[in-house]
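Accompanying notes for the structure given below.
Residue numbers (this note's numbering), protein chains in the order written: chain A, 1252 to 1470; chain B, 19 to 98.
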């Protein structure tokens, strides 16, 4: 992509938030080193400084993590589980995620988060809670392949973009009252009944299965 | 000893924080969330305990010295 020129590189927002975290971590680290050598905390610093600065630094660390964990790069950094899914989104053109991603219908940077976060502030909250649960499962190794969505997919994410689109409104099946009710009640989903599966099955089976599938697909 | 232990725990938690600040990835996020937070919490509690112990020791020392100070000079040295 770089070879085509700078116009084809997504703009990168200059995030300097980490500097603030480093500035707050520095005095705590110095105080800890002092305590380690002397066996007592520096008397010159007030108790509130000693305890509030590291806590505040951690609060900022959490904010930084919440923001940066929206990226596709972050999701695919858990390479055994998510890397095949992200790779399929970039290379395979038939699945729903790939179609959206490759046509630029979702953000190039936050594509995973945009579809999986649901609509509104509660969608964001649920996505963050389920992200923490994913991290815990990765940490403890308590996950199974193939990866499956827990519960039904929140179609609010789809409707956020499609509900007002003319191409979506003109489809007869979308105008059907029973279909509308079933979709809104979570009894019916957009995939795979009417639209392509969101991710290829092989990618949901982990890195080894995905690599095998790629080798088999080669002529 | 407790202050040193607290310092080590908080120091490690701060190093993990620096890691997450510079490189947000799955591994650093997992360490930050499930290791850094507990380390910081335990380190701060131990630090607080060490501080309270030191304060109590200083207060007891001051109380031990205080009666002598209030008693004044012995009678033989008092002014007539």
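Glycine is no exception: its CB is placed at the ideal position from the N, C-alpha and C atoms.
Being a predicted model, the structure only gives us computed values, none of them experimental.
In the DSSP assignment, residue 1270/A falls within the unbroken alpha helix (DSSP H) covering 1268-1289. Here the C-alpha atom of residue 28/B lies approximately 26 angstroms from the C-alpha atom of residue 1266/A. In this structure, the beta-carbon distance from residue 65/B to residue 24/B falls below 7 angstroms. By the Cβ criterion, the segment 64-83 of chain B is not in contact with the segment 1312-1325 of chain A, since fewer than three pairs of Cβ atoms, one from each stretch, lie closer than 8 angstroms.
Under the Cβ criterion of 7 angstroms, residue 25/B is counted among the residues facing chain A. Listed by position along chain A, the residues whose Cβ is nearer than 7 angstroms to that of residue 57/B form an empty set, because the closest Cβ is around 10 angstroms away. In the pairwise beta carbon analysis, the segment 1369-1386 of chain A is classified as not touching the segment 1340-1353 of chain A: fewer than three pairs are separated by under 8 angstroms.
Taking a Cβ-Cβ cut-off of 8 angstroms, the neighbours of residue 1309/A in chain B comprise 31, 35, 54, 55, 58, given in sequence order. Where residue 1386/A is concerned, the enclosing alpha helix (DSSP H) starts and stops at 1371-1391. For residue 1283/A, the chain B residues whose C-beta falls within less than 8 angstroms of its own C-beta are 25, 26, 28, 29, 32, listed in chain order. Taking a Cβ-Cβ cut-off of 8 angstroms, the neighbours of residue 1320/A in chain B comprise 42, 47, given in sequence order.
The beta carbon of residue 1447/A sits closer than 8 angstroms to the beta carbons of 1345, 1346, 1347, 1350 from its chain, once the five residues preceding and following it are set aside; these are given in chain order. Contact between residue 1454/A and residue 32/B does not hold, since their C-beta atoms are separated by about 38 angstroms, which reaches or exceeds 8 angstroms.
Contact annotation: the segment 1457-1464 of chain A does not touch the segment 1276-1287 of chain A, with fewer than three C-beta pairs closer than 8 angstroms.
Inclusion of residue 1311/A and residue 1272/A in the CB contact set at 7 angstroms is warranted, their separation being smaller than that value.
Using a CB distance below 7 angstroms, the part of the segment 1255-1275 of chain A facing chain B consists of 1269, 1272, 1273, ordered along the chain. For residue 22/B, a Cβ of chain A is located within less than 7 angstroms of the residue's own Cβ.
Under the three-state reduction of DSSP, residue 1416/A is assigned to coil, being neither helix nor strand. A straight-line Cα-Cα distance of about 18 angstroms links residue 1313/A and residue 1280/A. Nearest C-alpha to residue 1410/A among 1339/A, 1370/A, 1364/A: 1370/A.
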